[in-house]
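Numbering (the numbering used here), first residue to last: 9 to 727.
Note that CB positions come from ideal geometry on N, CA and C, so glycine has one too.
Remember, predicted model here, so these are calculated numbers, not experimental data.
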Ligand code: GCU
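Dropping the structure here:
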């Protein structure tokens, strides 16, 4: 009776708590199931921590916060076993108890960041041990234990061995020093550079907690289109202040390096990477950074791409540029993540081929502490792209994956699009680089070509909006990125399930419905935006909404007509031997799969082929009819998403329910806008009717083409 009362009171209390999404998946609201509460409470009575450290302090604080919220416990900390029900945190070095348990065999394979969680007996008392080789492993293990409780898992005989498969798991913030965020749709940058280093926004700690909870261990805090000011002494002080916040959470700070910095802030006449004075400038600068941040992670560099300066300005190669920085970082254990996102309007070659052509020649020419950071697809974070041919194409070079978490091409933070299926599609693709089973994730985790330096980067979708990511469901994309960077073999379904349970509800029907909704959302979006392999047909510059008509711009490779190539005959980019032969950059098995019109999976059809409007599709429809069908199906499916969500009324909190409901209404409106614009525009080439049964677009093509959005958010800065 007493416990029922407590639970009712807890609920009344938590109902008064404003559910604004700030707490992400670390909500820690009371567990309502009385049996579960009892079961956990018996196992988790007190904490044994024999030594403190900044990271252990963080783990202790988090565990107390979580158990207090979830179970109403006031956990005490001791350094001895008193009775059954101890949670013992530590490493063999920090804890005599853990050392006495002879966990060597278990810990050996776990590395610096892995953890072991096991139910065992110490002096005849049942307890739960969370052990790692290093403090950060214990922190990760603590978050894992909390997650098990949040998702109602059984702890009785728990035995978990868990270690990350990828070494560098890094968020890339495209944040500018004036706090605007390039392709950011969740407000301004979290980093308040103006008030740093003296004012430490408490939010920095919550950012670090959220990242640590999913194993993210690096944060690049500045935009790839970088500003050299960040490397000046006043800014380095600010960077150091952030690094100090992140350190106990196992997160290293990284910066973007502007290649022309020696000229811009160093007063040098050149930034030529082979010039000895330039090299010594960088060496001094990097030494200076390490004086401020002793565990500085290194640099991400965007060079000779979209107008950014780089080694080619001096007729030097990407390897010359990357190695110069790598050499100066190496004594400090820093790394360079050199981006392969390079293409040039002046080069008369399919944009999809350019990065491969440049980097293929440089395979094996990079220093040991350089990774080449490659976007998942060869163009640019489209709703669907085939995997980038550089995966598997550079066997002698460590490659790190770059995914985009922010939804630049997927409806901003307005559309509900769960991205794990997009990430997985790439990770699970077979490159055939060393025969069947050469999956992209094996390139990324280093196992395919035997590289120890491994990484995954995600372009962050985080801003200073109260709920961090703009859309409550966009949080799941931050979450999925972290989980897949830890273990790229997890399934989208498993990740969605744990996220829903922690973020919305453990009720079976809610979990089931939301999972269905999330898992379907990406394909639905592809259908109403870019079905059948279409790509890069969005609005000019801001990339908001449809713009298949974009042409005659200063750069052909920034137009839409360059990519869809619609004409009287048909539509699509011929990338086979009869066209640009971008397909020739892949392994023969991949070429075989996509090369023939007959075999090519339809989701990539117009990526690889220019296809007649009358071509018969698997459905039996003509290509034109199928295209219309997909667009209409996509928009209609958003209606289904709305209906599914509406059923959640009363089952999830009112605040987030209404927010998502409103956002889905916008998503529907915009899906119809995409559909109408694209169907009307492509109809000017196909000259065929919209199939019977489909409603006619409400407005004319002229109307859709006339829409302007000069203030769309997240636009690229003009300096
Ligand atoms: C896209 C995006 C740019 C960004 C670039 C990059 O092109 O629109 O804003 O700078 O990617 O990845 O460097």
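Nearest-angstrom Cα separation, counted from residue 256 out to residue 126: Along the chain shown, one-based indexing puts residue 126 at 118. Along the chain shown, one-based indexing puts residue 256 at 248. For residue 126 and residue 256, the distance between alpha carbons rounds to 24 Å.
Cβ-based neighbour list, residue 309, same chain, cut-off 6 Å, excluding 5 preceding and 5 following: Here residue 309 refers to the residue found at position 301 of the chain shown. So the qualifying residues of the chain are 265 and 346.
Run the proximity test for residue 489: is its beta-carbon closer than 7 Å to any non-hydrogen atom belonging to ligand 1? Translated into positions along the chain shown, residue 489 becomes position 481. For ligand 1, not one heavy atom lies less than 7 Å from the Cβ of residue 489.
Taking DSSP as the reference, what is the three-state secondary structure of residue 232? By one-based count along the chain shown, residue 232 stands at place 224. Coil.
Looking at residue 415 and residue 475, is the spacing between their C-beta atoms short of 8 Å? By one-based count along the chain shown, residue 475 stands at place 467. By one-based count along the chain shown, residue 415 stands at place 407. No, they are not a contact pair.
Report the residue ranges of all beta strand (DSSP E) runs contained in full by the segment 299-342; include only those spanning at least 3 residues, in chain order. Fully enclosed beta strand (DSSP E) runs of 3 or longer: 306-309.
Of the residues 253, 318, 334 and 311, which one's Cα is nearest the Cα of residue 301? Start at 1 with the first residue of the chain shown, and residue 301 comes out as number 293. Per the Cα distances, 253.
Does the separation of the CB atoms of residue 422 and residue 79 fall below 8 Å? The sequence position of residue 422 within the chain shown is 414, counting from 1. The sequence position of residue 79 within the chain shown is 71, counting from 1. No, Cβ-Cβ distance for residue 422 and residue 79 is not below 8 Å.
Once DSSP output is grouped into helix, strand and coil, what is the label at residue 411? Residue mapping note: residue 411 aligns to position 403 of the chain shown, counting from 1. Strand, per DSSP.
Test item: CB-CB of residue 742 and residue 364 under 8 Å: No answer is possible for residue 742: the residues shown for the chain start at 9 and end at 727.
Report the three-state DSSP secondary structure of residue 85 (helix, strand or coil). The residue you call residue 85 lines up with position 77 of the chain shown. When DSSP states are grouped into helix, strand and coil, residue 85 belongs to the strand group.
Closer than 8 Å is the cut-off here; do at least three beta carbon pairs connect the segment 622-633 with the segment 550-562? Flag = no, the segment 622-633 and the segment 550-562 do not touch.
Under 8 Å, do residue 317 and residue 267 count as touching if we go by C-beta distance? For this step, residue 317 is matched to residue 309 along the chain shown. For this step, residue 267 is matched to residue 259 along the chain shown. In this structure, residue 317 sits near residue 267, with a CB-CB distance shorter than 8 Å.
Inside the segment 171-217 only - beta strand (DSSP E) runs reaching at least 3 residues: Entirely contained in the segment 171-217, the beta strand (DSSP E) runs reaching 3 residues are, in chain order, 176-180.
Over what stretch of residues does the beta strand (DSSP E) that includes residue 94 continue unbroken? For the purposes of this step, residue 94 is taken as the residue at position 86 of the chain shown. Element bounds for residue 94: 94-98.
So, does the segment 401-413 touch the segment 452-469, judging by three or more C-beta pairs under 8 Å? By the C-beta criterion, the segment 401-413 is judged to be in contact with the segment 452-469, since at least 3 inter-stretch pairs fall below 8 Å.
Using the beta-carbon count (16 or more within 10 Å), is residue 674 buried or exposed? Position 666 of the chain shown, counting from 1, holds the residue named residue 674. Exposed: under 16 other Cβ atoms inside 10 Å.
For the alpha helix (DSSP H) that contains residue 672, what are its first and last residues? Mapped onto the chain shown, residue 672 falls at position 664. Run containing residue 672: 662-694, per the alpha helix (DSSP H) assignment.
Going by C-alpha distance, which of 295, 325, 320 and 360 is nearest residue 339? If you number the chain shown from 1, residue 339 lands on position 331. Nearest option by C-alpha distance: 295.
Close-in-space but distant-in-sequence residues of the same chain around residue 251 (CB under 6 Å, 5 per side omitted): Sequence index remark: in the chain shown, residue 251 carries index 243 (1-based). So the list reads 261 and 301, once near-sequence residues are dropped.
Consider the C-beta atom of residue 660 and the heavy atoms of ligand 1; say whether any pair is separated by less than 7 Å. On the chain shown, residue 660 is found 652 positions in, with the first residue counted as 1. The beta carbon of residue 660 sits no closer than 7 Å to any heavy atom of ligand 1.
Starting from the Cα of residue 676, find the closest Cα among 639, 697 and 691 and give me that residue. In the chain shown, the residue the question calls residue 676 occupies position 668. Checked all of 639, 697 and 691; the closest Cα to residue 676 is 639.
Tell me whether residue 732 sits in a helix, a strand or coil according to DSSP, three-state version. The shown model of the chain, from 9 to 727, leaves out residue 732, and the question about it has no answer.
Reference residue 597, options 225, 198, 611 and 446, closest by Cα: Numbered from 1 along the chain shown, position 589 holds the residue referred to as residue 597. Comparing Cα-Cα distances from residue 597 to each of 225, 198, 611 and 446, the minimum goes to 446.
Buried or exposed (CB count within 10 angstroms, at least 16 for buried), residue 50: As a position in the chain shown, residue 50 is number 42, starting the count at 1. Residue 50 comes out exposed.
In the DSSP assignment, find the beta strand (DSSP E) that holds residue 261 and state where it starts and stops. Stepping through the chain shown from its first residue, residue 261 is reached at position 253. Residue 261 -> beta strand (DSSP E) spans 260-264.
Just to check, is the beta-carbon of residue 561 closer than 7 Å to a non-hydrogen atom of ligand 1? For this step, residue 561 is matched to residue 553 along the chain shown. Not under cutoff, so the answer is no.
Can you grab the Cα-Cα spacing for the pair residue 196 / residue 272, in whole Å? Residue 196 sits at position 188 when you count from the first residue of the chain shown. Residue 272 sits at position 264 when you count from the first residue of the chain shown. Whole-angstrom Cα-Cα distance: 26 Å.
Any heavy atom of ligand 1 within a distance shorter than 7 Å of the CB on residue 142? What you label residue 142 is simply residue 134 of the chain shown in a count that begins at 1. At a cut-off of 7 Å, the beta-carbon of residue 142 does not count as near ligand 1: no heavy atom of the ligand is closer than that.
Could you check the C-alpha separation between residue 326 and residue 717 for me, to the nearest Å? Start at 1 with the first residue of the chain shown, and residue 326 comes out as number 318. Start at 1 with the first residue of the chain shown, and residue 717 comes out as number 709. When rounded, the distance between both Cα atoms is 36 Å.
Residues of its chain near residue 665, where Cβ-Cβ distance is below 7 Å and the 5 sequence neighbours each way are ignored: By 1-based counting over the chain shown, the position of residue 665 is 657. Hits under 7 Å: 656 and 657.
Where does the unbroken beta strand (DSSP E) through residue 546 begin, and where does it stop? Working through the chain shown from its first residue, we reach residue 546 at position 538. Unbroken run through residue 546: none, as it is neither H nor E.
Element boundaries [alpha helix (DSSP H), containing residue 594]: To locate residue 594, count along the chain shown from 1; it is residue 586. It is not in any alpha helix (DSSP H) - residue 594 carries neither H nor E in the DSSP assignment.
Near residue 419, which residues of its chain fall below 7 Å by C-beta distance, leaving aside the five closest residues on each side in sequence? Taking the chain shown and counting its residues from 1, the one referred to as residue 419 is at position 411. Apart from sequence neighbours up to five positions away, the residues of its chain that approach residue 419 with a beta-carbon distance below 7 Å are 425, 533, 675 and 678, ordered along the chain.
Residues that DSSP places opposite residue 167 in a beta bridge: The sequence position of residue 167 within the chain shown is 159, counting from 1. DSSP, once it has assigned bridges, lists 126 as partnering residue 167.
May I have the straight-line CA-CA distance separating residue 108 from residue 156, to the nearest angstrom? As a first step, residue 108 is located in the chain shown; it is residue number 100 there, counting from the start. As a first step, residue 156 is located in the chain shown; it is residue number 148 there, counting from the start. Near 26 Å, if we compare the C-alpha coordinates of residue 156 and residue 108.
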